[in-house]
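Colleague: If you scroll down you'll find the structure; I have some questions about it.
Residue numbers (our numbering): 380 to 421.
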């Protein structure tokens, strides 16, 4: 997944003042760069 996947939840939750944190790891979603494997290959 990526931060784009959370956009529907953000649209629903933000008007209720519920904080939504979204991110893209490097190389995922809309971010550029090398793919991150969370330590598997780093």
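From the three backbone atoms N, C-alpha and C, an ideal C-beta is built for every residue, glycine too.
In angstroms, rounded to a whole number, what distance separates the CA positions of residue 399 and residue 393?
Modeller: 7 angstroms
Colleague: When the Cα atoms are used, what is the spatial distance from residue 384 to residue 391?
Modeller: C-alpha separation (whole angstroms): 13 angstroms.
Colleague: Which class does residue 384 belong to by DSSP, given the choice of helix, strand or coil?
Modeller: helix
Colleague: In whole angstroms, give me the CA-to-CA distance for residue 389 and residue 395.
Modeller: The alpha-carbon atoms of residue 389 and residue 395 are separated by roughly 10 angstroms.
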